[in-house]
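Numbering (our numbering), first residue to last: 339 to 803.
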């Protein structure tokens with residue numbers, strides 16, 4: 339006799355205790371709870387032949403992007419493959435194949451397998467989440483949305499974890515410039531479940547991208563943000579609030595949130611490095627002295643060089659190494675990225691590494707004061723908003739800003755003006771963009787435009803909605 343999970347998906351276990359632990363793990367993972375792995379380990383202890391439990395634990399290890407996650411995940415994969423795969427469902431067998439593809443670095447192959455699983459099993463929440471998140475980090479814009487839209491009709495509010503599906507749909511719609519519909523789904527998700535941190539995260543993105551900074555801050559302030567038993571998304575949500583204050587020009591508040599919340603305990607975990615480096619870069623770019631904070635994240639960044647899984651993390655490691663003057667380590671990173679380009683045969687992945695190489699080289703040039711070279715490198719890959727790097731629109735905006743400031747410093751004012759004009763068209767409520775645009779306009783000899791832009795900048799911080 340086989341059992342099914344809470345959404346009716348058949349599983350290979352015959353242990354009710356293992357099944358209970360499995361269901362608790364999937365629910366905990368959906369809410370970013372650190373207890374998810376413990377529950378899945380319990381499921382394995384209750385049933386040492388539970389194929390899917392080994393597979394899911396391997397998924398967790400890979401998704402964590404921990405130091406050498408493929409080592410722990412490979413052990414889980416080998417344990418799953420050592421069970422009787424002839425006696426499991428096609429969904430479970432395909433899931434093990436997806437884990438193997440992921441462990442071997444064939445992320446595109448894994449996403450294709452997950453899509454096929456979902457075609458047959460649209461209520462497979464974990465597979466939907468895996469597909470959604472991998473497409474996010476792989477820069478697959480439409481697939482972030484379509485990982486949900488293809489299967490959304492099969493879900494309804496009576497089903498467990500319906501809010502999580504709404505939250506993912508919110509995020510995918512927003513990344514595809516449909517923020518109004520995205521906000522509708524995100525609000526519904528939070529109304530159903532205030533513990534759905536991906537929905538909270540998605541709504542934060544919508545409000546930021548809409549230029550509703552005060553609304554975004556007010557939205558986040560309704561939560562106490564202690565979020566016990568949560569993983570690093572908690573710190574990332576503090577980063578989102580700090581970003582909203584930065585866009586309003588309140589750099590004192592930004593640094594307060596940096597020091598007391600999301601960068602308080604920096605580890606080599608990829609989000610820690612991304613959150614801290616991207617905010618320090620933004621602050622320094624507007625003339626703020628960040629003291630020794632770059633050195634405080636240096637060790638964590640260096641440890642990521644030998645454990646490279648995301649191009650977007652490489653960018654932040656390069657920022658840190660460039661700002662701390664560690665040229666040998668930075669050159670080593672650039673060499674590894676160049677090797678990636680040589681090894682990759684897949685055209686889409688080659689584009690990711692080509693963009694990664696150009697942006698990291700631009701950071702190196704920028705930090706050494708060669709702003710013209712930095713600008714050339716960035717302009718060579720700026721099409722599609724640097725999307726091959728993965729991550730979100732708002733995260734990648736730091737690279738667009740870098741291009742504009744490099745153009746200002748290189749006295750290429752016409753290019754700077756076009757960069758900041760594009761940013762203003764997308765988000766006219768960003769105070770610093772108006773000031774940079776003013777500098778660019780003045781460099782072009784358009785004093786009237788510069789005056790008007792500076793006047794616009796003065797209205798933003800005091801114009802609370």
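Glycine included, every Cβ here is placed at the ideal spot set by N, Cα and C.
Note that the structure is predicted; figures quoted are calculated from it, not measured.
Here residue 614 is not near residue 643, since their CB atoms are 8 Å or more apart.
Pairing residue 471 with residue 479, the inter-Cα distance amounts to about 11 Å.
Secondary structure of residue 341 (DSSP, three-state): strand.
For residue 654, the enclosing alpha helix (DSSP H) has its first and last residue at 649-661. The beta carbons of residue 674 and residue 667 sit about 11 Å from each other, so the pair does not count as a contact at 8 Å. Of 737, 500, 484, 468, the smallest CA-CA separation from residue 402 is found for 468. Beta-bridge partners of residue 349 (DSSP): 341. Counting along the chain, the unbroken alpha helix (DSSP H) around residue 483 starts and ends at 479-487.
By the neighbour-count criterion, in which 16 or more other beta carbons inside 10 Å mark a residue as buried, residue 749 falls on the exposed side. With fewer than 16 neighbouring CB atoms inside 10 Å of its own CB, residue 785 falls in the exposed class. Positions of the alpha helix (DSSP H) runs, each at least 4 residues long and wholly inside the region 576-645, are given as 589-595, 608-623, 631-642 in order along the chain. For residue 538 and residue 499, the gap between their C-alpha atoms comes out near 15 Å. For residue 539, the uninterrupted alpha helix (DSSP H) run begins and ends at 535-547, by DSSP.
Annotation for residue 719: no alpha helix (DSSP H) segment contains it, and DSSP assigns it neither H nor E.
For the 8 Å CB-CB criterion, residue 569 and residue 709 do not form a contact. Non-local beta-carbon contacts of residue 781 in its own chain, meaning distances under 6 Å to residues more than five positions away in sequence, involve 751 in chain order. In the three-state reduction of the DSSP assignment, residue 761 falls in the helix class. Residue pairing by DSSP places residue 568 opposite 371 in a beta bridge. Each residue's CA atom was taken as its position, placing residue 547 and residue 541 some 10 Å apart. Residue environment analysis places residue 649 among the buried positions, since at least 16 neighbouring C-beta atoms fall within 10 angstroms of its C-beta.
Note on geometry: alpha-carbon atoms of residue 586 and residue 770 lie some 8 Å from one another. Using a Cβ distance threshold of 8 Å, residue 612 and residue 651 count as a contacting pair.
With respect to the 8 Å criterion, residue 349 and residue 362 are not classified as neighbours on the basis of their beta carbons. Residues 769, 772, 773 of the same chain have their beta carbon placed closer than 6 Å to that of residue 795, with the five preceding and five following residues left out of the count. The shortest CA-to-CA distance from residue 762 to any of 727, 747, 798 is the one to 798. Between residue 716 and residue 687, the C-beta gap is not smaller than 8 Å, which leaves the two residues out of contact.
Residue 779 sits close to residue 787, with the two beta carbons spaced by under 8 Å. Put simply, the backbone Cα of residue 505 is about 42 Å away from that of residue 707. Membership of residue 551 in the alpha helix (DSSP H) is indicated by the continuous run 551-559. Per the coordinates, the alpha-carbon of residue 384 lies some 10 Å from the alpha-carbon of residue 360. Taking each of 655, 523, 387, 493 in turn and checking the Cα distance to residue 605, the smallest one comes out for 655. Distance from residue 727 to residue 734 at the Cβ level is roughly 6 Å; contact confirmed, criterion being Cβ atoms closer than 8 Å. Assigned with DSSP and collapsed to three states, residue 404 falls in coil, not helix or strand.
In the structure shown, the three-state DSSP call for residue 736 is helix. Residue 378 is positioned such that its CB atom lies closer than 8 Å to that of residue 395. Proximity to residue 509 across 346, 527, 628 peaks at 527, based on C-alpha coordinates.
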